[in-house]
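Residue numbering for the sequence shown is 1 to 130, as defined by the UniProt record's numbering.
Notes follow once the structure below has been shown.
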Amino acid sequence: MTVLVGYVPSPLGEAALRAAIEQARFRDEPVLVVNTSRGDAYVDPRFAQEPDLDRVVRELVAAGVPHNVRQLMRGRDVAEEIVEIVEAEDVSLVVIGIRHRTPVGKLIMGSNAQEILLRVPCPVLAVKAD
1 MTVLVGYVPS
11 PLGEAALRAA
21 IEQARFRDEP
31 VLVVNTSRGD
41 AYVDPRFAQE
51 PDLDRVVREL
61 VAAGVPHNVR
71 QLMRGRDVAE
81 EIVEIVEAED
91 VSLVVIGIRH
101 RTPVGKLIMG
111 SNAQEILLRV
121 PCPVLAVKAD
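See below:
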């Protein structure tokens, strides 16, 4: 079993990473960090750059948590990528960061968090930034 965390280099991503580490230690499971982008990695602020991922790995190592980091750029929606990984692997928990959005914002932009919550077959822990 594995704890999967959807990571973005932002306060939301940092909160999700901390929660995933806590859950992994509690469950005695490794963490799978997933960072993905639909578009240009140099333009998309959600796509982690090398220094971001180096810091994530250092945090996981310092916590003593076995881990794997996957960075995907296949032009697919974040929710699609996470759902596919969860369905293909033995994931016990998905951890994601969430932010408040207005109903109009959700209608126009969609909601990756909502899609993940509705489609994955395992529990989802949604956390807010500190």
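Virtual Cβ for every residue (Gly too), placed ideally from N, Cα, C.
Predicted model only: the values in this text are computed from it and were never measured.
Relative to the ligand FMN, is the shortest distance from any of its heavy atoms to the C-beta of Phe26 smaller than 8 Å? No copy of the ligand FMN appears in this structure; indeed no ligand is present at all.
Taking C-beta to C-beta, are Ile82 and Ile96 nearer than 9 Å? yes
Could you pull the start and end residues of the alpha helix (DSSP H) that Val83 belongs to? Val78 to Ala88
Rounded to a whole number of angstroms, what is the C-alpha to C-alpha distance between Ala63 and Asp77? Asp77 has its alpha-carbon roughly 30 Å from the corresponding atom of Ala63.
Using alpha carbons as the reference points, say which of Ala79, Val8 and Val56 lies closest to Asn112. Ala79
Return the CA-CA distance between Arg70 and Val34, expressed in angstroms with no decimal places. Taking the straight line joining both Cα atoms gives about 5 Å.
DSSP state of Gln71 mapped onto helix, strand, coil: strand
Leu60 - partner residues in DSSP beta bridges: According to DSSP, which records beta bridges pairwise, Leu60 is partnered with nothing at all.
Can you tell me whether Ile96 is helix, strand or coil according to DSSP? strand
Taking its Cβ as the centre, do 16 or more other Cβ atoms sit within 10 Å of His67, making it buried, or is it exposed? buried
Just how far apart, CA to CA, sit Thr36 and Arg58? Going from the Cα of Thr36 to the Cα of Arg58 covers about 20 Å.
C-alpha distance - Gln114 paired with Val124, whole-angstrom precision: 10 Å
Measuring CA to CA, which of Glu14, Pro11, Ala48 and Gln23 is closest to Met1? Gln23
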